[in-house]
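Engineer: Read in order, the letters of the sequence shown are residues 137 to 568 in this note's numbering. Glycine included, each C-beta is placed from N, C-alpha and C at the ideal position. Computed from a predicted structure; not experimentally measured.
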Amino acid sequence: MALEKLVVEGGRRLHGEVVVGGAKNAALPILSATLLADGTCDLGGVPRLRDVDVLARILGVLGLQIERDPLGRVQTRILSEDASTAPYELVSMMRASFCVLGPLLARRGYAKVSLPGGCAIGDRPVDLHLKGLRALGAEIKIEHGYVIARAQRLRGANIYLGGPTGCTVLGTANVMMAACLADGTTVIEHAAVEPEIEDLANFLKAMGASIDGAGSHRITIRGVRRLEGCRYDVIPDRIEAATLMMAAVATGGELLLKNVDPTHLEAVFDKLREAGVSVARNCKTVAVAAAEPLHEVELNTLPYPGFPTDLQAQMMALMCTGTGASVFTDRIFPDRLQHVSEFKRMGARILNVNNTCVVLGGSPLQGAPVMASDLRGGAALVIAGLIAQGQTEVRRVYHIDRGYEDLEGKLRALGAVIRREADELPEKPPAV
Ligand code: EPZ
């Protein structure tokens, strides 16, 4: 894969309007759920992302035909159910693909899926996923880095799925998908309540599943014999929307966002308003503007409906432009701080005490070459580049491409000076 970088000229004020894309974190489990369907699924709002491409390759290995039509809608159809192994080479590229486990097990009675391993934001355990599937009667072994799961017939159960930091989003998705074809009723207690889980449940119900309580901490699934392909549209991406809001406000600009569900962003609006940002919304649009110099906030990330961990880095970039001292603690992924050292290279003054970061505003950022190490941290570095004096090069753009469709194009349309270039690696130094 040729490495690329985004080159950003700072100091331009962003303004205008943007249409938000479909939610990556809804599209990925929904695409996995098409493994459960008899017949064709027709999906709208599936964003063009590297993560979607990787999952599509895995689903292709698992016998699914996936095509995107000229209108951008994605159609899936099962061609073969012989293969049930999701290989390490692909699963390790995108850990959310672990959520093919539940549907494969429920539909085919056997699944071999690589353990996803960790990633840049910290350890990514799957113990709760396996606990839930075992409760449904699956026999699960871990051999040579793979989860091997077998079940002649899954049977409904009462499952408590709460973890050390609250709920598991994809764990809830895996168990809910498997329970749809189990014999009897399953109750998932302390289920994740993210909008993406509710969207997955709505998709499963459109296929004929019987689910109550999605979006609450108690989800009840009554097993059915089969699920039919259907037409469905994925919800808007609340994380992309908020990332763009923060980018515009960080430059002292304003932005009108279309195709947004404001009810998914109440905690974000609350924190932005606390910082001094003007936020106006109606049922499908949001308008934000930098109303005054931003003042300090204290931010803890929490499971939904709390402030999302996926916006922690972007908010930190925004608060580098503020006055006063802002305090950040990521309660979901405490190590999700790779962006901090990069911000410091740009002149940010940030103290890190036991994974609580204090951002001392008031010092202007200077453009610099920086390195993305995860998708949200990469987007945060672009925001920092937009507000820095001079030029910033954000390397390893493939991290950003995992979760943002044409980020630079959307920002350029709002007035940013940003371009994508090949990133020539330095010649290998001569051996000494
Ligand atoms: C989802 O990941 C999202 N990914 C992440 O977004 C998001 O950061 C995360 O939820 C939290 O909101 C997708 O939806 C594809 P979790 P997921 O299981 O489901 C612990 C992005 O930027 N845990 O909810 O993998 C875990 O250690 C990505 O788009 C267990 O202990 O996260 C963490 O502390 C990054 N055991 C907490 O739960 C388990 O079996 C939340 O993890 C599973 C999780």
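Which complete beta strand (DSSP E) runs does the stretch 409 to 492 hold, if anything under 3 residues is left out?
Structural biologist: If we require 3 residues or more, the beta strand (DSSP E) runs fully inside the stretch 409 to 492 come out as 413 to 417, 421 to 426, 434 to 437, 461 to 466 and 485 to 489.
Engineer: Within the stretch 221 to 300, note down every full alpha helix (DSSP H) run reaching 4 residues or more, in order along the chain.
Structural biologist: As far as the stretch 221 to 300 is concerned, its whole alpha helix (DSSP H) runs of at least 4 residues are 224 to 227, 237 to 244 and 263 to 271.
Engineer: Within the continuous beta strand (DSSP E) that includes Y368, where are the two ends?
Structural biologist: Segment R367 to D369, the beta strand (DSSP E) holding Y368.
Engineer: Within 8 Å, do at least three Cβ pairs link the stretch 296 to 307 to the stretch 336 to 346?
Structural biologist: No: the two stretches stay apart, fewer than three of their Cβ pairs being nearer than 8 Å.
Engineer: Compute the distance between the beta-carbons of A515 and G539, then report whether it is under 9 Å.
Structural biologist: Yes, the Cβ-Cβ distance between A515 and G539 is below 9 Å.
Engineer: Pull the bridge partners of V495 from the DSSP assignment, please.
Structural biologist: According to DSSP, V495 bridges with S462 and I486.
Engineer: Please go through the stretch 492 to 544 and give each complete alpha helix (DSSP H) segment of 4 or more residues, from N-terminal end onward.
Structural biologist: Within the stretch 492 to 544, the complete alpha helix (DSSP H) runs of at least 4 residues are 511 to 523 and 534 to 539.
Engineer: Check whether the Cβ atoms of C316 and S346 lie closer than 9 Å to each other.
Structural biologist: Result yes, Cβ atoms of C316 and S346 sit closer than 9 Å.
Engineer: Would L200 pass as a contact of R213 if the rule is Cβ separation under 9 Å?
Structural biologist: The answer is yes: Cβ separation under 9 Å.
Engineer: Quick one: does the C-beta of T387 sit closer than 8 Å to a heavy atom of ligand 1?
Structural biologist: T387 Cβ: outside cutoff for every heavy atom of ligand 1.
Engineer: Kindly indicate which residue of V144, A138 and H151 has the alpha-carbon position closest to the one of E390.
Structural biologist: The shortest Cα separation from E390 among V144, A138 and H151 belongs to H151.
Engineer: For the alpha helix (DSSP H) holding E334, just list the boundary residues, first then last.
Structural biologist: Element bounds for E334: P331 to A342.
Engineer: So what's L190 in DSSP terms, helix, strand or just coil?
Structural biologist: Correcting the residue type first, residue 190 is Val in the shown sequence and not Leu. It is helical.
Engineer: Quick one: does the C-beta of E332 sit closer than 8 Å to a heavy atom of ligand 1?
Structural biologist: Yes, the Cβ of E332 comes within 8 Å of a heavy atom of ligand 1.
Engineer: Using 8 Å as the Cβ pair cut-off and three pairs as the minimum, do the stretch 473 to 481 and the stretch 156 to 165 touch?
Structural biologist: Touching, no.
Engineer: To the nearest angstrom, how far is it from the Cα of L401 to the Cα of L435?
Structural biologist: Rounded to the nearest angstrom, the two C-alpha atoms are 15 Å apart.
Engineer: Could you check what DSSP says for E402 in three-state terms: helix, strand or coil?
Structural biologist: Here E402 sits in helix by DSSP.
Engineer: Please find out if some non-hydrogen atom of ligand 1 comes closer than 8 Å to the beta-carbon of D335.
Structural biologist: No, since every heavy atom of ligand 1 falls outside the 8 Å radius drawn around the Cβ of D335.
Engineer: Drop a sphere of 10 angstroms on the beta-carbon of A162, count the other beta-carbons inside from all chains shown, and report buried for 16 or more, exposed for fewer.
Structural biologist: Answer is buried; the Cβ neighbour count reaches 16.
Engineer: Return yes when at least one heavy atom of ligand 1 lies under 8 Å from the C-beta of C493, else no.
Structural biologist: Flag unset: Cβ of C493 not near ligand 1.
Engineer: May I ask you to check if the CB of N488 is nearer than 8 Å to at least one heavy atom of ligand 1?
Structural biologist: Outside the cutoff, so no.
Engineer: Just to confirm my understanding: we take I519, look at its own chain, exclude 5 residues before and 5 after, and list those with CB closer than 8 Å. What are they?
Structural biologist: Here the set comprises T379, M382, A383, A386, Q450, A453 and L454.
Engineer: Taking just the CA atoms, how far does I554 sit from G545?
Structural biologist: Taking the straight line joining both Cα atoms gives about 8 Å.
Engineer: Please determine if the stretch 416 to 427 and the stretch 488 to 499 are in contact, where contact requires at least 3 C-beta pairs separated by less than 8 Å.
Structural biologist: Segments in contact, no.
Engineer: Give the range of the beta strand (DSSP E) segment to which E325 is assigned.
Structural biologist: Residues T321 to E325.
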